[in-house]
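Chemist: Here it is, the structure, as structure tokens.
Chains as they are written, first to last, in this note's numbering: chain A, 8 to 352; chain B, 313 to 825.
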């Protein structure tokens, strides 16, 4: 029974050469880019591509976090509001520490540290209420979405919170500078994506996320600490939101009640377009990155051409989201799940 | 049979030479069955004997492959989907089919609401519901919500519902399985009352004492065959137990390798109490296979889940190689060398929409990590090893576990459990829904593991399996251990006596009710 492993037919082969299902979102993005180029050659100009990727970074980074939450069978609707309230509190923290630390890197570091801490805590709060409080993720994050949104309005007194002009000057490069020709936000997006990919695909934690999303009971029977893993997904989401906020704040140097509106839906859309299943159990960081870029690309193309009014941006995005999921269903449901099994009565 | 012929005119409902196959699997072979007005007719047999299928055919939920159903002496086709209720054949399922948020009167009239100009006649329905409940002498408020009622009251609502549909034949699947002794007593009174009204009652039961107390006639099925229909006065519970079993063991099972009687005790359980289990004690030696027999719902799974930490236990001690342990999660049990294989492969054991390899290593990912990262080659190696060792057959690695046959799923689950290199293996229903060939393979694997010195607990509702594999057999009933059988005592009739409460340490006492 414990014979050694060298001969005999290996019943399981490891990989296929090209998997069209996993490549689908990327192929769609390439098609979209060719379409954009044909409509307006300026689409591929260096300036436009850089601009496009930089703008994708916010949603993209948040969507990387959302990939973990959704893969583990959850949902987080609070990310847009969370981004707004973290922006506001960051600005308040930096303005407050100005007197003590002056205009310098130190103040900005304090702001960033505050942001990371707040993101972590906000995610932890969502996660604990969902797992320990046994409340559906949809309800909890719908609640915190409202709470965060109204908090930022309150802190801004119904108006706008502005970062001190001179601090902004120090902070500015985080959004506007480039390293080796790559804008900092794009660089951060890339780093977060790589970390996310490794975490999801090369660690036990990532495997546990998929297992929990696939079947929570099986996960529990397989000695997985379901509550802990699930809470961690929301913490990761919170940290991703705070990272996105850190690169977003220097862009405008302000926060108001309209900051980050509908980001949660764009993030979820990016995840789903990328091939992650909304009901959980299967997640793809690479797809999420492509999904986020695709959403920005649609807006960008509409800006560059007159074929469709720019006002219809949301409508086009909506069509693309529904089409993406429709294609996934056709493929996934048809090819694999629960099909034609014969078991005795 | 002879008695059935003599009073043929009195049959309300009868089955004549009914056969049924699901796909290529035959379940019933030319079974005869009949029900008379005002009688209680018990239908008994082991798990898989075909009782439920027969009931489904008699209520129109399934069509027979051959044979006829007779209603009032006339061959008939019963309407499908429960519409047979309209001609007075009502089934009460074990898992009572009531909508928890409706009221009692809404439940009784569900699907047959009284209306006037399209509006519900709520008051009239409540009055009628009250009248029916009164006729049953039960004190239930027609306006109460179902989810506020006890299980016994819910069952009474089902019976009231049956009466409101003017049931002439009432078929009940293990009606007392969910009732306490006191509630059972109450239920018996209701059955007597219904019989007096001329209602024919068919009930499936595993409890032979109850069968003897409640029924007028008894039909025994075994392996889809009609064994006998007898008057209660002509038989004893022991005779019934022998009729239900009495089958030769085939050579499906490997020869038993007797363990050393002096081998160390690896697991000792004393006075275990928890949800659904009361005062369970047993022990397990190195290299021993202990079978857990009993009826479905007798608490065997609950005992195992309490031991490995899936359920919290209220009291009792568990000693592993002499050391007291108290696991609060299955992870701790696995690290201590004990592994539990659930009977619910699809719901609890395996991720169906994931491939084989992630399933195999899910319990033991810590074995495939280097510096915190998963090493794929190590997982592939494990998969190769398990594939060979347990003869798992899959087309290729991309196959999802949900597409595998039950047998291959079970072997994969066995591989998953064995990846943790356990000393003690608890297998709940090792061969449920598996073809005979694979069953034999699994039996041989289990026997070989015991020979290697592993200690194994096999929980099974298939009695032959328990008998064919086990060195000792623990029998449970209603959350308690009723006996431990060894050697020649391990036979079906003896196990059935303990499982059905005819014999044993804690036979439930009806007088206390």
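In this text, a Cβ means the ideal position worked out from N, Cα and C, and glycines have one as well.
Go ahead and label residue 190 of chain A buried or exposed: buried means 16 or more other beta carbons lie within 10 angstroms of its beta carbon, across all protein chains shown.
Modeler: Result: buried.
Chemist: With distances taken from CA atoms, which of B:378, B:733, B:704, B:728 is nearest residue 648 of chain B?
Modeler: Cα-wise, what sits closest to residue 648 of chain B is B:733.
Chemist: Determine, using beta carbons only, whether residue 309 of chain A and residue 276 of chain A come nearer to each other than 8 Å.
Modeler: The answer is no: Cβ separation not under 8 Å.
Chemist: Taking only beta carbons into account, state which residues of the stretch 632-653 of chain B come closer than 7 Å to chain A, listed in chain order.
Modeler: If the cut-off is 7 Å between Cβ atoms, the stretch 632-653 of chain B has 641, 642, 643, 646 near chain A.
Chemist: Run through the DSSP bridge pairs and tell me what residue 345 of chain B is partnered with.
Modeler: Answer is B:327, bridged to residue 345 of chain B.
Chemist: Would residue 681 of chain B pass as an interface residue toward chain A - the criterion being a Cβ-Cβ separation below 8 Å?
Modeler: Yes, residue 681 of chain B lies at the interface with chain A (some Cβ there is under 8 Å from its Cβ).
Chemist: Return helix, strand or coil for residue 39 of chain A, following the three-state DSSP convention.
Modeler: Helix.
Chemist: At a CB-CB cut-off below 8 Å, which residues of chain B make contact with residue 211 of chain A?
Modeler: Ordered by position in chain B, the residues that pass the 8 Å Cβ test against residue 211 of chain A are 677, 678, 681, 686.
Chemist: Is the CB of residue 329 of chain B under 8 Å away from at least one CB in chain A?
Modeler: No, residue 329 of chain B does not count as interfacial toward chain A.
Chemist: Give me the Cα-Cα distance between residue 580 of chain B and residue 553 of chain B, rounded to the nearest whole angstrom.
Modeler: Cα-Cα distance, rounded: 31 Å.
Chemist: Does residue 145 of chain A come out as helix, strand or coil in the three-state DSSP assignment?
Modeler: DSSP places residue 145 of chain A in helix when its eight states are reduced to three.
Chemist: Taking the beta carbon of residue 455 of chain B as the centre, do at least 16 other beta carbons fall within 10 Å, making it buried, or is it exposed?
Modeler: Exposed.
Chemist: Does the CB of residue 288 of chain A have a neighbour CB from chain B at under 8 Å?
Modeler: With 8 Å as the cut-off, residue 288 of chain A counts as an interface residue toward chain B.
Chemist: With DSSP as the reference, identify every bridge partner of residue 605 of chain B, one or two as the case may be.
Modeler: According to DSSP, which records beta bridges pairwise, residue 605 of chain B is partnered with B:787.
Chemist: Give me the subset of the stretch 251-284 of chain A whose CB atoms are less than 8 Å from a CB atom of chain B, sorted by chain position.
Modeler: Going along the stretch 251-284 of chain A in chain order, one finds no residue with a Cβ nearer than 8 Å to chain B.
Chemist: In the stretch 573-624 of chain B, which residue ranges form an unbroken beta strand (DSSP E) of at least 3 residues, counting only runs that do not cross its ends?
Modeler: For the stretch 573-624 of chain B, whole beta strand (DSSP E) runs of length 3 or above, ordered along the chain, are 577-586, 589-597, 601-606.
Chemist: Would you identify the three-state DSSP class for residue 262 of chain A, choosing helix, strand or coil?
Modeler: Strand.
Chemist: Residue 214 of chain A CB to nearest chain B CB: under 8 Å?
Modeler: Answer yes: the Cβ-Cβ gap between residue 214 of chain A and chain B drops below 8 Å somewhere.
Chemist: Return no unless some Cβ of chain A is closer than 8 Å to the Cβ of residue 781 of chain B.
Modeler: Not one chain A Cβ lies under 8 Å of residue 781 of chain B.
Chemist: What are the boundary residues of the alpha helix (DSSP H) that includes residue 114 of chain A?
Modeler: From DSSP, the alpha helix (DSSP H) with residue 114 of chain A extends over 112-138.
Chemist: Could you check how far apart the C-beta atoms of residue 485 of chain B and residue 405 of chain B are, in whole angstroms? I think they sit under 8 Å.
Modeler: Residue 485 of chain B to residue 405 of chain B, Cβ: 5 Å. Contact.
Chemist: Under a Cβ-count criterion, where at least 16 other Cβ atoms within 10 Å of its own Cβ denotes burial, should residue 251 of chain A be classed as buried or exposed?
Modeler: The residue is buried, with at least 16 neighbouring Cβ atoms inside 10 Å.
Chemist: What are the residues that DSSP puts in a beta bridge with residue 543 of chain B?
Modeler: Per DSSP, B:529.
Chemist: For residue 236 of chain A versus residue 215 of chain A, is the C-beta spacing smaller than 8 Å?
Modeler: Cβ atoms of residue 236 of chain A and residue 215 of chain A: closer than 8 Å.
Chemist: Can you look up residue 650 of chain B in the DSSP assignment and give me helix, strand or coil?
Modeler: Residue state, collapsed to three classes: strand.
Chemist: Candidates B:353, B:347, B:379, B:332: which alpha carbon is nearest residue 323 of chain B's?
Modeler: Cα-wise, what sits closest to residue 323 of chain B is B:347.
Chemist: Who are the near neighbours of residue 247 of chain A in its chain, counting only those whose CB is closer than 6 Å to its CB and skipping five residues on each side?
Modeler: If we look at residue 247 of chain A and ignore the five residues flanking it on each side, its Cβ neighbours are 68, 69, 71, 72.
Chemist: Note down the Cα distance separating residue 381 of chain B from residue 806 of chain B, rounded to an integer number of angstroms.
Modeler: For residue 381 of chain B and residue 806 of chain B, the distance between alpha carbons rounds to 36 Å.
Chemist: Provide the residue(s) that pair with residue 382 of chain B in DSSP beta bridges, ordered along the chain.
Modeler: Answer by DSSP bridge pairing, in chain order: B:326, B:387.
Chemist: Check the Cβ of residue 660 of chain B against every Cβ in chain A and list those closer than 7 Å, keeping chain order.
Modeler: In chain order: 224, 225, 228.
Chemist: For a contact meaning CB atoms closer than 7 Å, what does residue 670 of chain B contact in chain A?
Modeler: Under the 7 Å cutoff, chain A gives 214.
Chemist: In chain A, what lies closer than 7 Å to residue 340 of chain B by C-beta?
Modeler: Residues of chain A passing the Cβ test: none, with the nearest at roughly 11 Å.
Chemist: Quick one: is residue 724 of chain B near chain A, going by C-beta distance under 8 Å?
Modeler: For residue 724 of chain B, the answer is no, since every Cβ of chain A falls outside 8 Å of its Cβ.
Chemist: Once the 5 residues before and after residue 99 of chain A are set aside, which same chain residues still bring their CB inside 8 Å of it?
Modeler: The residues are 162, 168.
Chemist: Are the stretch 221-229 of chain A and the stretch 86-101 of chain A in contact at 8 Å, needing three or more beta carbon pairs?
Modeler: Result no; under three Cβ-Cβ pairs closer than 8 Å.
Chemist: Can you list the residues of chain A that residue 564 of chain B reaches, using a CB-CB cut of under 8 Å?
Modeler: Correct list: empty, because the minimum Cβ distance to chain A is about 16 Å.
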